[in-house]
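Asker: This is the structure, below, for whatever I ask next.
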Amino acid sequence: MAAVNIWKKLLTLLLTLESIPENNCNFKMSFVKIDEKSDFSYHNLPYGVFSTPDNPRHRIGVAIGDQILDLSVIKSLFRGPVLSNHQDVFDQPTLNAFMGLGYEAWRETRRSLQQLLSANETTLRDDVSLRSRAFFHQSSAMMHLPSEIGDYTDFYSSRDHATNVGIMFRGKENALMPNCQSVSLLSNTAPSFQSVSLLSNTAPSFQSVSLLSNTAPSFQSVSLQSNTAPSFQSVSLQSNTVPSFQLRLPVGYHGRASSIVVSGTPIRRPSGQMRPDQSKPPVFGQSKQLDIELEMAFFVGGGNRLGEPIPIERAHQHIFGMVLMNDWSARDIQAWEYVPLGPFLGKNFGTTISPWVVPMEALLPFAEPNTVQDPKPLPYLCHDDAFTFNINLFVSVKGEAMKEAATICKSNFKYMYWTMKQQLAHHTVNGCNVRPGDLLASGTISGPDPDSFGSMLELSWKGSKTVDLGGGETRTFLKDGDEVTLTGYCEGNGYRVGFGPCAGTILPAL
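Mapping the sequence shown onto numbering that gives the first Met the number 0, position 338 (from 1) lands on 337, and the numbers just tick up by one.
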């Protein structure tokens, strides 16, 4: 019954878009030649920021086929009730100002673009001079970050990924952490760590931590043999503490916006502190477990005031569009540092995104009901139009000696447990303000099958087996010179709505 209701909501939502050109048979075709396998169909029209060799100024463009339409050149053609007074947003070097205009402005822009690009509209089609100034080949353009990203949050929203990682590090019975499950604590006291041993001569770590049976544990035994601050090393959760793997909230952490780069930017192998031998002190060196994370992310459009949450019923009005993301990860650095405050140097050295931001309206025809969330989330996370998107996702790796890239992962965005609206509602429920151009990422996207795992950590099962790239090439983690490319698209009837490549090549450590 719930699924039926969600389908009804989706149908109603799509019917409200009937005035948009893509749903009107008179606007099915564009005068721009577009291959049916192109990511940038007439039904897509993603936004990006580009420059050209003869004009280094950063401009806002829209991708269609193998072309870029420069919106600064045609800004006077946007004459709707909102944009007629805000045409100058298309003169800006980033999308932030346009994003900040809000939901109705985005819809109005999309309607205007599809009309201007339709086969029956003469304004652009028949003006040879205007077309020569407004269109550029993508092959001759350089792409830049779409927005000035003020803040970046990364979520952990794949149940399959969380379960896989949990099994690797904590065992099958304790795969998910308590805030990702249905937790039964039979004591009224607050839980904490019971047995702690701090090692000498190193930054000590909580080496033996157990949550025991049905009582809420507390600090009972602590041996301090060093004056330095402790860090947690391992946590063991006994099975009767956490009876089931049922998710409770979209876990996230604050990432580093300054190291987000556009597709094509090389990534330097990071160095840091790690502890490969648990019987010895930590060491400093270059990461030997450099990994990828297949993710998607959405840009915030209209923001909110500090102290005023965005309710889930209005969250869609604040989500501008989506990109592909590779959240590069140094697993050996991450493993030593991540408890108790989460990732730091294992993550903040580089994050790659695709340059074209696909608007949410372009993705709506590919919406489908989200996975059933059991137990039911708290009221502020519940929405009766809980849908996700059927977006095919791929990861390929090409080593320096390889002639062709090898596909190592085939996944889908629909495998996510939490929706984007839930992520945004949760992010702001405490009054946190978000701003136009902020970026919120999905977390690693893994599916139920091994070939849908979205990280080398999972594909190699923590380095215990190799990933075959063909021609005698194998990997457990990435080597210097490896080029990793993420791609993704929705498949329509004779067209695609895609994202373009999200690529980066590994440079040796300094």
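All C-beta atoms, glycine included, are put in the ideal place defined by N, C-alpha and C.
Assuming contact is defined by CB atoms lying nearer than 8 angstroms, are T504 and G480 in contact in what I supplied?
Answerer: If you number the sequence shown from 1, residue 504 lands on position 505. If you number the sequence shown from 1, residue 480 lands on position 481. Going by C-beta atoms, T504 is nearer than 8 angstroms to G480.
Asker: Report the rounded CA-to-CA distance for P281 versus S451, giving the unit in angstroms.
Answerer: By one-based count along the sequence shown, residue 281 stands at place 282. By one-based count along the sequence shown, residue 451 stands at place 452. Looking at the two C-alpha atoms, the distance is approximately 34 angstroms.
Asker: Rounded to whole angstroms, how far is the Cβ of T473 from the Cβ of V466, which I believe are closer than 8 angstroms?
Answerer: Against the sequence shown, residue 473 aligns to sequence position 474. Against the sequence shown, residue 466 aligns to sequence position 467. The Cβ separation is near 6 angstroms, so the contact holds.
Asker: Which value, in whole angstroms, describes the spacing of the CA atoms of Q193 and F49?
Answerer: Reading the sequence shown from its first residue, position 194 is the one you call residue 193. Reading the sequence shown from its first residue, position 50 is the one you call residue 49. Note that Q193 has pLDDT 36, beneath the 50 cutoff, so the model's placement of it is unreliable and the number below is only indicative. In this structure, the alpha-carbon of Q193 lies about 56 angstroms from that of F49.
Asker: Can you list, in chain order, the residues of its chain with a C-beta nearer than 6 angstroms to that of F343? Leave out the 5 residues immediately preceding and following it.
Answerer: What you label residue 343 is simply residue 344 of the sequence shown in a count that begins at 1. The residues are E336.
Asker: Compute the Euclidean distance between the alpha carbons of L509 and I67, then round it to the nearest angstrom.
Answerer: Looking up residue 509 in the sequence shown gives position 510. Looking up residue 67 in the sequence shown gives position 68. So the alpha carbons of these two residues sit roughly 37 angstroms apart.
Asker: Under 8 angstroms, do E307 and H382 count as touching if we go by C-beta distance?
Answerer: In the sequence shown, the residue the question calls residue 307 occupies position 308. In the sequence shown, the residue the question calls residue 382 occupies position 383. Contact flag unset, no.
Asker: Are the beta-carbon atoms belonging to M324 and I291 less than 8 angstroms from one another?
Answerer: Taking the first residue of the sequence shown as 1, we reach residue 324 at position 325. Taking the first residue of the sequence shown as 1, we reach residue 291 at position 292. Result no, Cβ atoms of M324 and I291 do not sit closer than 8 angstroms.
Asker: Tell me whether F39, by its Cβ, gets closer than 7 angstroms to a heavy atom of the ligand NAP.
Answerer: This structure simply doesn't include the ligand NAP, nor any ligand for that matter.
Asker: Look at the Cβ atom of K346, then the Cβ atom of G254, and state whether they are nearer than 8 angstroms.
Answerer: The residue given as residue 346 occupies position 347 in the sequence shown. The residue given as residue 254 occupies position 255 in the sequence shown. Result yes, Cβ atoms of K346 and G254 sit closer than 8 angstroms.
Asker: On the DSSP bridge list, what partners appear for R474?
Answerer: Against the sequence shown, residue 474 aligns to sequence position 475. According to DSSP, which records beta bridges pairwise, R474 is partnered with V466.
Asker: Could you pull the start and end residues of the alpha helix (DSSP H) that H425 belongs to?
Answerer: The residue given as residue 425 occupies position 426 in the sequence shown. Residues M419 to T427.
Asker: Report all residues from its chain with a CB closer than 6 angstroms to the CB of V88; omit the five preceding and five following residues, and keep chain order.
Answerer: For the purposes of this step, residue 88 is identified with residue 89 of the sequence shown, where counting begins at 1. Closer than 6 angstroms at Cβ, skipping near neighbours: A96 and F97.
Asker: In this structure, what does DSSP give as the bridge partners for I67?
Answerer: Translated into the one-based positions of the sequence shown, residue 67 becomes position 68. Paired residue(s): A62 and F135.
Asker: If we ignore side chains and look at the alpha-carbon of each, how far apart do N187 and L377 end up?
Answerer: Locating residue 187 in the sequence shown gives position 188, where the first residue counts as 1. Locating residue 377 in the sequence shown gives position 378, where the first residue counts as 1. In this prediction, N187 has a pLDDT of 39, which is less than 50 and means its spatial position is unreliable; what the coordinates show is noted afterwards. If you take the alpha carbons of N187 and L377, they lie about 21 angstroms apart.
Asker: What's the C-alpha gap between N432 and F30?
Answerer: Start at 1 with the first residue of the sequence shown, and residue 432 comes out as number 433. Start at 1 with the first residue of the sequence shown, and residue 30 comes out as number 31. Cα to Cα, the separation comes out at about 42 angstroms.
Asker: Assuming N391 is part of the beta strand (DSSP E), what are its boundary residues?
Answerer: In the sequence shown, counting from the first residue as 1, residue 391 sits at position 392. It spans N391 to K397 - the beta strand (DSSP E) in which N391 sits, taken as one unbroken run.
Asker: Compute the Euclidean distance between the alpha carbons of A296 and D437, then round it to the nearest angstrom.
Answerer: The sequence position of residue 296 within the sequence shown is 297, counting from 1. The sequence position of residue 437 within the sequence shown is 438, counting from 1. If you draw a straight line from the Cα of A296 to the Cα of D437, it comes to about 10 angstroms.
Asker: Hey, is the segment 102-122 in contact with the segment 356-372, meaning 3+ C-beta pairs nearer than 8 angstroms?
Answerer: As far as the Cβ criterion goes, the segment 102-122 touches the segment 356-372, which means the pair count is three or higher.
Asker: The alpha helix (DSSP H) that contains L323, what's its start and end?
Answerer: On the sequence shown, position 324 is the one that residue 323 refers to. L323 -> not in any alpha helix (DSSP H); beta strand (DSSP E) instead, spanning I318 to N325.
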